[in-house]
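Asker:
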Amino acid sequence: MTPSHAVPIKGGRFLIVGGASLVGYHTTRELLKRGASEVLVFDNLAFGDPTGIADLAREGNVRLVKGDVMRLPDLIAAAQGMNGVLSLAALMSLAMSRDPWTGLDVNIRGVQNTLEAAAIAKAGKVVLASSNAVYGYGPGVSGQLVEPTPFHSRGAPAGAILYGASKIIGETLCRHYYESRGLDYVALRYTTVYGERQHYRAANALYIIETCDKLAKGERPVILGDGSDTKHFVYAGDLARANAMAFEANATDVAVNCSGPSPITTRALVALIAEIMGSELEPILEAPKAGVVRLSAGGPFEIAHGEALRVLGWKPEIDLKEGITRLLAWRKEQRV
Numbered sequence: 168m169t170p171s172h173a174v175p176i177k178g179g180r181f182l183i184v185g186g187a188s189l190v191g192y193h194t195t196r197e198l199l200k201r202g203a204s205e206v207l208v209f210d211n212l213a214f215g216d217p218t219g220i221a222d223l224a225r226e227g228n229v230r231l232v233k234g235d236v237m238r239l240p241d242l243i244a245a246a247q248g249m250n251g252v253l254s255l256a257a258l259m260s261l262a263m264s265r266d267p268w269t270g271l272d273v274n275i276r277g278v279q280n281t282l283e284a285a286a287i288a289k290a291g292k293v294v295l296a297s298s299n300a301v302y303g304y305g306p307g308v309s310g311q312l313v314e315p316t317p318f319h320s321r322g323a324p325a326g327a328i329l330y331g332a333s334k335i336i337g338e339t340l341c342r343h344y345y346e347s348r349g350l351d352y353v354a355l356r357y358t359t360v361y362g363e364r365q366h367y368r369a370a371n372a373l374y375i376i377e378t379c380d381k382l383a384k385g386e387r388p389v390i391l392g393d394g395s396d397t398k399h400f401v402y403a404g405d406l407a408r409a410n411a412m413a414f415e416a417n418a419t420d421v422a423v424n425c426s427g428p429s430p431i432t433t434r435a436l437v438a439l440i441a442e443i444m445g446s447e448l449e450p451i452l453e454a455p456k457a458g459v460v461r462l463s464a465g466g467p468f469e470i471a472h473g474e475a476l477r478v479l480g481w482k483p484e485i486d487l488k489e490g491i492t493r494l495l496a497w498r499k500e501q502r503v
C-alpha cells in the first residue's frame, strides 16, 4: 500500500513558527475554519504583532507561546503532540541587508532547529515558507519562472542574494530531513504577500502600503525608476489556503510556486491603488535608491503556479484589485 503523506486538518494540532505575522494570522484563521483542534503560535515577537492572534485566541483553540527559533529546546517543547508544523520565521531581504548575521541565523539555523524539533516530536509534516527569491535577481530573471529555474545573482544587492540563498538552503534542509529522518515536507515559494494586517517590512509590499499612505494624506505617490519593473503579489488569504492544502495534500518532498493571478508593473500598481482610493494625483518618478532590488532588470517575468495546482489543487483566487480593496477596508476600520 502506498503510504499517505496527507495530514488532515480537522481535529489536528498545528504549530506555526513565526506565527504572529501577516501570514501566520491568516493561516491560523484558515486552520480553525477547517476544524483544527488547536493552533499553537510560536514567536519571539521581535517583528510579530500579537494582537491579531490574541483576538483569535478569544474565539478558538489558539495559544501564543513566546519563544525563539534559535533555542532548540523551546521548539522541541512546542512541537510535542503536533500533527503539522508551519515554518514562517524568517528575516526578509531588507532586514538581511541590515543584519546578515541574524538573518542567516534565523533563515538557516532557525529552519534547521524547526525541522529537528518536528522530527523529534514525530510531527506528520512540515510546510516551509520559501520564496520566489530562490530564482535570484537581475538580468537572468525573465520569462516564465517554473520550479526548476536556476538561481541568478549577477548585479543584485548582496542582501537580496543572501536572502534568496538562505531560502535555497532552507528547502535543501527540508529535503535532507526527508531523506535522513523520513520527515514529510512541502515548500511553498511565496511571492510578496499583502492583505489585512499589512506590515512595512517586505520590500515590494512597500509600494502598496506607502502609496496608500501618501494618497490618504493627499500626497503624490512615488515610483522608483520608470515604473516598468514587474512585481508579483499574493493575497495573504490565498496563501493561508495554500498552507492548509499543503498539509492535507498527499504530497511530500516538493517545492512549488505560490503567486497571485498575474504580475503587475509598479506604474500600473500605483494607478490601481489610486483608482481604488478615488485619487487623481499623478505619481512622481524618482531614481532607484542604492540597494533597492529591481526584480525584472532583464525584462518582464511571470511566475507559473501550475505545479501548485497539480500537486496541491491550489490556485490563487483573489486578484490585486479585490485584495487591495480588502486591505483598505481593514485599514479604514482600524483607522490606520
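Position in the sequence shown counted from 1, then plus 167, gives you my numbering.
Ideal placement from N, C-alpha and C gives every residue a C-beta, glycine not left out.
Can you give me the Cβ contacts of residue 356 inside the same chain, cut-off strictly under 7 Å, excluding the 5 residues immediately before and after it?
Answerer: For residue 356, where only same-chain residues beyond five positions count, the Cβ hits under 7 Å are 297, 298, 299, 301, 422, 423, 424, 425.
Asker: Take the Cβ of residue 367 as the centre, count every other Cβ of all protein chains shown within 10 Å, and call the residue buried at 16 or more, exposed below.
Answerer: Classification of residue 367: exposed, given that the 10 Å Cβ count is below 16.
Asker: Is DSSP giving residue 228 helix, strand or coil here?
Answerer: Correct three-state label for residue 228: coil.
Asker: Please classify residue 433: is it buried, with 16 or more other beta-carbons within 10 angstroms of its beta-carbon, or exposed?
Answerer: Buried, because 16 or more other Cβ atoms sit within 10 Å of the Cβ of residue 433.
Asker: Assuming contact is defined by CB atoms lying nearer than 8 Å, are residue 245 and residue 199 in contact in what I supplied?
Answerer: No. Outside cutoff.
Asker: Does the contact criterion of 3 or more C-beta pairs under 8 Å hold for the stretch 328-338 versus the stretch 399-414?
Answerer: No: fewer than three Cβ pairs fall under 8 Å.
Asker: If I'm right that residue 233 touches residue 210 with Cβ under 8 Å, what's the distance once you round it to whole angstroms?
Answerer: Yes, residue 233 and residue 210 are in contact; Cβ-Cβ is about 7 Å, under 8 Å.
Asker: Taking C-alpha atoms, which residue in 416, 212, 340 lies nearest to residue 476?
Answerer: Checked all of 416, 212, 340; the closest Cα to residue 476 is 416.
Asker: Decide if residue 462 is buried, meaning its Cβ has at least 16 other Cβ atoms within 10 Å, or exposed.
Answerer: Since pLDDT at residue 462 reaches only 44, below the 50 mark, its modelled position is unreliable, and no value is offered.
Asker: By the 10 Å Cβ neighbour count, where 16 or more other Cβ atoms means buried, how is residue 196 classified, buried or exposed?
Answerer: Residue 196 comes out buried.
Asker: Can you give the Cα-Cα distance for residue 394 and residue 435, rounded to whole angstroms?
Answerer: Taking the straight line joining both Cα atoms gives about 8 Å.
Asker: Return helix, strand or coil for residue 260, following the three-state DSSP convention.
Answerer: Three-state result, residue 260: helix.
Asker: Quick one: Cα of residue 490 to Cα of residue 376, how far?
Answerer: For residue 490 and residue 376, the distance between alpha carbons rounds to 13 Å.
Asker: Here's the rule I'm using: 16 or more other beta-carbon atoms within 10 Å means buried, otherwise exposed. How should residue 193 be labelled?
Answerer: Buried, by the Cβ-count rule.
Asker: Taking 7 Å as the cut-off, is the beta-carbon of residue 487 closer than that to any non-hydrogen atom of the ligand GDP?
Answerer: Here there are no bound small molecules, and the ligand GDP is not part of this structure.
Asker: Please classify residue 256: is it buried, with 16 or more other beta-carbons within 10 angstroms of its beta-carbon, or exposed?
Answerer: It counts as buried.
Asker: With a threshold of 8 Å on Cβ separation, who are the neighbours of residue 237 within its own chain once the five nearest residues in sequence on each side are excluded?
Answerer: Cβ neighbours of residue 237 beyond the five flanking positions: 272, 273, 276, 277, 280.
Asker: Where residue 379 and residue 248 are concerned, what is the direct C-alpha to C-alpha distance, given to the nearest angstrom?
Answerer: Roughly 43 Å between the two C-alpha positions.
Asker: Taking the alpha carbon of residue 586 as the reference point, which residue from 217, 352, 446 has its own alpha carbon closest?
Answerer: This structure gives no information on residue 586, because the portion of the chain shown stretches from 168 to 503.
Asker: Quick one, which of 174, 474, 501, 331 has its alpha-carbon nearest residue 308's?
Answerer: It is 331.
Asker: Can you look up residue 241 in the DSSP assignment and give me helix, strand or coil?
Answerer: Of the three classes helix, strand and coil, the one that applies to residue 241 here is helix, per DSSP.
Asker: By Cβ distance, which residues of its chain are closer than 8 Å to residue 444, with the 5 residues on each side in sequence left out?
Answerer: Cβ within range, chain order: 379, 382, 383, 495.
Asker: Applying the 10 Å Cβ sphere with the 16-neighbour rule, what's the burial state of residue 396?
Answerer: The residue is buried, with at least 16 neighbouring Cβ atoms inside 10 Å.
Asker: Tell me whether residue 462 sits in a helix, a strand or coil according to DSSP, three-state version.
Answerer: Reliability fails at residue 462, whose pLDDT of 44 lies under 50, so the model's placement of it is uncertain and the value that follows must be treated cautiously. Residue state, collapsed to three classes: coil.
Asker: Tell me, please, whether the CB atom of residue 445 is closer than 8 Å to any CB atom in chain D?
Answerer: Included in the structure is just one protein chain, with no chain D present.
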